[in-house]
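Colleague:
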Amino acid sequence: AKALTALLPLAPYADMERIRADAGAAHMKTLPPTIAVWLATIAHVRHSHTDYEKLLAEGYDRDSARFFVIEQTNGVLT
41 AKALTALLPL APYADMERIR ADAGAAHMKT LPPTIAVWLA TIAHVRHSHT DYEKLLAEGY
101 DRDSARFFVI EQTNGVLT
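For the sequence shown, our numbering assigns the number 41 to the initial residue and increments by one for each residue that follows.
(1) Could you check whether residue 60 and residue 79 sit closer than 8 angstroms to each other, using their CB atoms as the reference points?
(2) Any chance the segment 61 to 73 sits against the segment 89 to 102, with 3 or more Cβ pairs inside 8 angstroms?
(3) Report the option in 42, 115, 85 whose CA atom is closest to the CA atom of residue 54.
(4) Compare the C-alpha of residue 46 against each of 96, 115, 81, 116 and name the closest.
(5) As a quick exercise: from 96, 95, 94, 57, pick the residue whose alpha carbon is nearest that of residue 77.
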């Protein structure tokens, strides 16, 4: 919880709750809290605030879709 508030003090509550849940997932338990929160944040923003899912549905592979949404992702994070 401290890592989340330190890294994302102004994030909307709904986003923070999802990120908190994802950062606490079993596959993140071996990571330092700040890294787990950051990875969960990037994934959440990519899936919820960009066209990433739409690109995947159109047949783009993950790396290509990530390339095309990087500016949207950065825009949400800044």
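By construction, the Cβ of each residue, glycine as well, lies at the ideal position given by its N, Cα and C atoms.
Modeller: Concretely, from the data shown:
(1) Numbered from its first residue, the sequence shown carries residue 79 at position 39. Numbered from its first residue, the sequence shown carries residue 60 at position 20. Cβ distance not < 8 angstroms, so residue 79 and residue 60 don't count as in contact.
(2) no
(3) The residue you call residue 54 lines up with position 14 of the sequence shown. Per the Cα distances, 85.
(4) For the purposes of this step, residue 46 is identified with residue 6 of the sequence shown, where counting begins at 1. For the residues 96, 115, 81, 116, the minimum Cα distance to residue 46 belongs to 81.
(5) Mapped onto the sequence shown, residue 77 falls at position 37. Out of 96, 95, 94, 57, 57 has the C-alpha closest to the C-alpha of residue 77.
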